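Q:
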Amino acid sequence: MRAPALALCLLSATLVMAMDRTTADTLAARATAAYAKGDHAGALALFDSVYQDWRSAGLAYAIGNCHFKLGHVPQAIVYYERALLLEPGAEDVKANLELARQRTMDRVNELPTFRLGGTWERWLGGHDLDQWARRSLWGWCLACALAAVGLLLRATLRTTVLALAGGCALFAAVSVGLAARRLRAVEHPGAAIVVQPRVDVRSEPRDGATTLFMLHAGTKVALGAANAGWVEVTLANGHVGWMPAAALETI
Amino acid sequence: MMRSTLILLITALVLPLGLAAQEIGFEARVDRNTFEVGSSIRLTVTLTNAKAGFAEPDLGGLTVVQGPFESSSFNYINGRMSSSVSRTYVLTATRPGTYTIGPATAQVGGGTLRTQPITVKVEKGSGTTSDRLLNEGQQRDRDLFVTISLSKDKVHVGEQVVATYTLFSRYPNLELSKYDLPALNGFWAEEIDQGETTWEDRTTTVNGLQYRVAVLKKQLLFPQRSGKLRIEPLRITCIVNRSFFNRGSQVEALSNATEVQVLPLPPNAPPGAEGTVGTYTFTGSLDRDRLRADEAMELTLTVAGTGNLKLIEEPALDLPPDVERYDPKVNDRITVSGGGMSGSRSFQYLLIPRHAGELVLGPFTLSFYDPEADGYRTVQAGPFTVQVEPGTGGGQAQLMRPSKADVEVLDTDIRFLRTGDLGLRPAGHHLLGSWAWWSGMAAPVLAFALFALVRHRREKSLADPLGRRRREADKVARKRFKEAHAALQNNAREPFYTAMNKALHGYLADRFALGAAEVNETALARALGDRPDAAALARQAVALIAACDMARYAPLETKPRQAMYEEAIALVQQLERP
């Protein structure tokens with residue numbers, strides 16, 4: 000009587016336990032093969048199971064592609080945006096996101112803002128999430144090493160080397176700041192995609208309030224305050240209104 | 000008839016002049032090889048330049064309607080005489096099929112002449128008029144009526160129907176003055192050329208009354224839309240019984256109206272099949288399989304079969320973009336007969352490949368609705384492979400080659416997945432703020448602090464040489480005492496005292512920062528400061544050095560060596576003690 004219960008416990012424990020790296024890579028490879036053969040639904044199921052425990056820009060991009068091929072344009076946009084958060088400025092993701100956006104209904108004229116070029120943006124974002132954290136570690140190590148070398152040197156050289164060490168320390172500090180900024184952007188994106196075919200955006204967080212404008216699936220909105228199942232959204236052109244949270248999927 | 004009698008008269012007059020007979024010929028001929036059930040053909044058997052009776056050929060199932068009529072002729076031209084005898088049969092068939100007329104034979108001189116057998120094809124009649132139409136027509140006008148009969152009354156859009164307009168008349172003398180063809184709304188019509196309108200050789204009996212019959216017109220109709228399409232009655236005006244004495248009277252006749260039920264084509268038409276109805280074959284040919292770039296080749300695509308060939312449009316050629324293509328030349332070999340429209344239409348394309356390499360053209364497809372199979376069919380021709388060799392270069396062709404063209408974007412699609420490692424990382428995991436990051440940040444700081452501390456201490460000691468000397472005094476003394484101890488063990492007198500002297504002298508100088516010559520009792524006592532035993536220690540140390548010197552240079556040992564050694568050690572220990 001005890002043995003089956005124990006086995007069940009073990010089984011459930013393994014189910015709860017996160018998928019290991021090898022399994023995840025195997026599943027992803029199988030999903031890629033299925034996608035290449037045109038079985039987009041099968042590929043999506045496999046990629047989704049990997050996405051439970053693992054993250055990467057490549058994975059989010061693959062899921063976006065599956066959704067796009069299956070005709071789920073809003074979901075595709077959600078995953079492309081996620082991939083862009085994980086790897087800002089990725090060319091392939093941007094190209095596919097552009098195509099997916101062409102299939103949405105709403106055209107929102109973005110307010111003119113200062114935008115950086117792609118290369119710069121990519122550098123600033125770092126290749127992956129931990130890039131700036133790693134850079135901060137390297138910068139800090141270098142600063143300490145240079146300071147130590149400076150102690151050994153004669154007075155004239157010592158100032159130069161210590162100034163360099165100070166520069167490295169400053170770089171490390173800036174890197175920490177940028178890493179924190181990236182982390183915040185990934186963990187609190189503050190934006191969402193409309194997933195319902197048509198949503199009324201109202202002036203107040205309740206049904207029956209004045210409808211300000213209408214949004215269609217695939218449109219990106221910035222999230223604001225939340226109130227009893229409603230969220231305040233801001234469009235890229237500056238319009239603000241309330242809509243049900245269920246109509247949105249956070250990036 | 001008049002003319003042939005005249006010729007006969009003349010030849011009869013000339014014949015006695017007796018010229019040699021010409022070459023003998025014997026042949027059989029029909030006026031057409033294909034005819035419909037109900038109509039008739041003429042078979043003529045002619046024997047030239049011989050006089051003999053000939054036997055009737057085996058007609059192979061065809062029946063003789065009229066004849067045989069016999070005629071003969073004589074010609075005398077430029078002193079050459081020729082004669083011919085011919086016999087004509089008017090034949091008809093009651094069932095469609097293929098009939099073979101056997102050879103006719105003639106006995107000339109001692110031998111037998113034979114004609115070639117003739118094969119004729121009898122098609123199902125399209126113009127036979129049903130009894131119902133005849134009865135209705137007779138009820139409209141007993142003496143003169145027209146019928147419109149259709150080969151089918153239920154067709155698909157685009158499928159061909161033969162409409163026959165037939166005149167039935169009891170007047171012995173009739174002149175057609177005009178007829179108004181009905182407007183054919185919803186049809187695309189094609190005239191069937193049947194020559195001059197004549198009375199048929201046979202008469203038709205309707206309810207005991209005999210009528211002469213003439214087919215006024217035949218048309219091929221192609222319905223263009225589905226539904227019930229109505230053909231309005233045909234109205235004709237005739238003048239009857241006109242003679243020299245009589246102006247005749249005008250009679251009007253009206254035909255029946257008729258209807259065709261047109262079914263729409265089934266849905267799910269393959270692309271390009273819209274409006275193409277019939278039974279076709281599709282073939283293609285390429286005039287060469289190897290050529291140089293910038294040379295021309297000819298691609299011929301032929302559509303053959305039965306159906307509305309005249310409406311077949313140029314097939315869509317999906318050619319590689321670097322093959323230059325000119326508008327096709329269309330060659331029609333289309334016959335319009337009572338059996339419908341049939342034949343072939345071919346499209347000749349002039350193609351010029353601009354780049355070398357293996358070029359695959361096609362396959363080219365033709366899709367159509369086949370009424371016989373009741374479904375869409377797609378037939379294909381090709382593909383054709385051509386080996387294109389590099390052009391001769393330069394020359395006019397090179398100049399005419401189009402300059403660089405933009406890559407043509409045919410369609411857009413999302414980019415493919417990333418291949419290779421996806422770079423997966425556990426969800427929720429990040430370096431910043433993790434213990435690894437904190438320890439990575441702390442480690443260099445700790446290392447630096449340690450380094451700085453060591454460095455600081457080292458610098459401090461470097462800045463104070465006396466202090467260092469004092470600190471090192473003990474170390475040096477220890478080393479020398481060790482030497483002395485070794486000499487003591489070896490029982491070496493001279494080295495022992497040397498080492499003892501050096502050890503004590505050096506130790507005292509280093510320990511109290513004295514010059515080599517300053518080691519004396521007063522200086523030592525002063526250096527020892529306010530210790531209570533300062534004077535005693537100084538005296539003891541100086542005395543010990545003096546004893547060592549004495550023993551070293553003179554053979555006078557005041558104490559045993561072992562005792563002296565132990566005393567020196569004790570002294571140093573006492574000096575080190577604060």
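So the sequence lines, in the order shown, correspond to chains A and B. Be aware that the first sequence starts at 0, since it is given in numbering that gives the first Met the number 0, and climbs by one per residue. Be aware that the second sequence starts at 0, since it is given in numbering that gives the first Met the number 0, and climbs by one per residue. Even for Gly, the Cβ is constructed at its ideal location relative to N, Cα and C. Since the model is a prediction, treat every value here as computed from it, not as a measurement.
1) Applying the 10 Å Cβ sphere with the 16-neighbour rule, what's the burial state of residue 177(B)?
2) At least one CB of chain B closer than 7 Å to the CB of residue 139(A): is that the case?
3) So which of 452(B), 173(B) and 152(B) has the shortest CA-CA distance to residue 163(B)?
4) Quick check: the region 266-281 of chain B against the region 302-320 of chain B, are there 3 or more CB pairs under 8 Å?
5) Whole angstroms is fine: what's the gap from residue 393(B)'s alpha carbon to residue 387(B)'s?
6) Below 8 Å on the Cβ atoms is my contact criterion, and I expect residue 219(B) with residue 159(B) to pass it. Report the Cβ-Cβ distance as a whole number of Å.
7) Note down, in chain order, each residue of its chain lying with its Cβ closer than 6 Å to the Cβ of residue 397(B), except the 5 sequence neighbours on either side.
8) Is residue 447(B) close to chain A, meaning its C-beta is less than 7 Å from at least one C-beta of that chain?
9) Considering only the alpha carbon of each residue, which of 247(B), 175(B) and 183(B) lies closest to residue 196(B)?
10) Closer than 8 Å is the cut-off here; do at least three beta carbon pairs connect the region 431-438 of chain B with the region 67-74 of chain A?
11) Using the rule of at least 16 other Cβ atoms within 10 Å of the residue's Cβ for burial, across every protein chain shown, is residue 395(B) buried or exposed?
12) For residue 394(B), which of helix, strand or coil comes out of DSSP?
13) Residues of chain B with CB closer than 9 Å to the CB of residue 98(A), please, in chain order.
14) Residue 54(A) touches chain B at which residues, Cβ-Cβ below 9 Å?
15) Please work out which residues of its chain come closer than 7 Å, Cβ to Cβ, to residue 399(B), disregarding the five sequence neighbours upstream and downstream, and give them in chain order.
16) Nearest-angstrom Cα distance between residue 367(B) and residue 282(B)?
17) On the premise that residue 305(B) lies in contact with residue 341(B), defined as a C-beta separation below 8 Å, what is that separation, rounded to the nearest angstrom?
18) Which whole-angstrom value describes the C-beta separation of residue 192(A) and residue 76(A), a residue pair presumed to lie in contact below a C-beta threshold of 8 Å?
19) Is the shortest distance between the beta-carbon of residue 568(B) and the beta-carbons of chain A less than 7 Å?
20) In this structure, does DSSP put residue 181(B) in helix, strand or coil?
21) Against chain B, with Cβ distances strictly below 7 Å, would residue 226(A) count as a contact?
22) When you compare only the Cα positions, how much space is there between residue 98(A) and residue 414(B)?
23) For residue 184(B) versus residue 119(B), is the C-beta spacing smaller than 7 Å?
24) As a quick exercise: from 350(B), 244(B), 265(B) and 319(B), pick the residue whose alpha carbon is nearest that of residue 287(B).
25) Going by DSSP, what residue range makes up the alpha helix (DSSP H) through residue 195(A)?
26) Take every Cβ of the region 201-219 of chain A, pair it with every Cβ of the region 172-180 of chain A, and state whether three or more of those distances are shorter than 8 Å.
27) For residue 31(A), would you say it is in contact with chain B, using Cβ-to-Cβ distances shorter than 7 Å as the test?
28) Among 39(A), 33(A), 53(A) and 41(A), which residue has its Cα nearest to the Cα of residue 21(A)?
29) Give a yes or no on whether 7 Å exceeds the smallest Cβ distance from residue 57(A) to chain B.
30) Using a cut-off of 9 Å between C-beta atoms, extract the partners of residue 20(A) located in chain B.
31) For residue 558(B), report the span of its alpha helix (DSSP H) as first-last.
32) Restricting to Cα atoms, I'd like to know which of 23(B), 99(B) and 28(B) is closest to residue 107(B).
33) Does residue 436(B) have its Cβ less than 7 Å from a Cβ in chain A?
34) Does residue 431(B) get closer than 7 Å to chain A when you measure Cβ to Cβ?
35) Round the Cβ separation of residue 354(B) and residue 317(B) to the nearest angstrom and send it over; I've been treating them as touching at under 8 Å.
36) Identify the residues that DSSP records as bridge partners of residue 145(B): which are they?
A: Checking against the coordinates, here is how it stands:
1) exposed
2) yes
3) 152(B)
4) yes
5) Low confidence applies here, because residue 393(B) scores a pLDDT of 44, under 50, leaving its location unreliable; read the following figure in that light. Computed Cα separation, rounded: 17 Å.
6) 5 Å
7) With a pLDDT of only 44 at residue 397(B), under the threshold of 50, the placement of this residue in the model should not be trusted, and no figure is reported.
8) yes
9) Of the candidates 247(B), 175(B) and 183(B), the one whose C-alpha sits nearest the C-alpha of residue 196(B) is 175(B).
10) Segments in contact, no.
11) Interpretation of residue 395(B) is limited by its pLDDT of 41, a score under 50 that renders its predicted location unreliable; the figure taken from the coordinates is listed afterwards. Burial call: exposed.
12) Residue placement at residue 394(B) is poorly supported in this model, since its pLDDT is 38, which falls under 50; the coordinates still yield a value, given next. If DSSP states are grouped into helix, strand and coil, residue 394(B) belongs with the helices.
13) 411, 412, 413 and 414
14) 423, 424, 425, 426, 427 and 428
15) In this prediction, residue 399(B) has a pLDDT of 49, which is less than 50 and means its spatial position is unreliable; what the coordinates show is noted afterwards. Cβ within range, chain order: n/a, list empty.
16) 15 Å
17) 4 Å
18) 5 Å
19) no
20) Residue 181(B): coil per DSSP, three-state reduction.
21) no
22) 10 Å
23) no
24) 350(B)
25) Neither: residue 195(A) is in no alpha helix (DSSP H) and is coded neither H nor E.
26) no
27) yes
28) 53(A)
29) Output row for residue 57(A): interface = yes.
30) 423 and 425
31) That residue, residue 558(B), is in no alpha helix (DSSP H); it is neither H nor E in DSSP.
32) 23(B)
33) Yes, contact with chain A.
34) Interface annotation, residue 431(B): in contact with chain A, CB-CB separation under 7 Å.
35) Between residue 317(B) and residue 354(B) the Cβ distance is about 17 Å, and since that is not below 8 Å, they are no contact.
36) 166(B) and 254(B)
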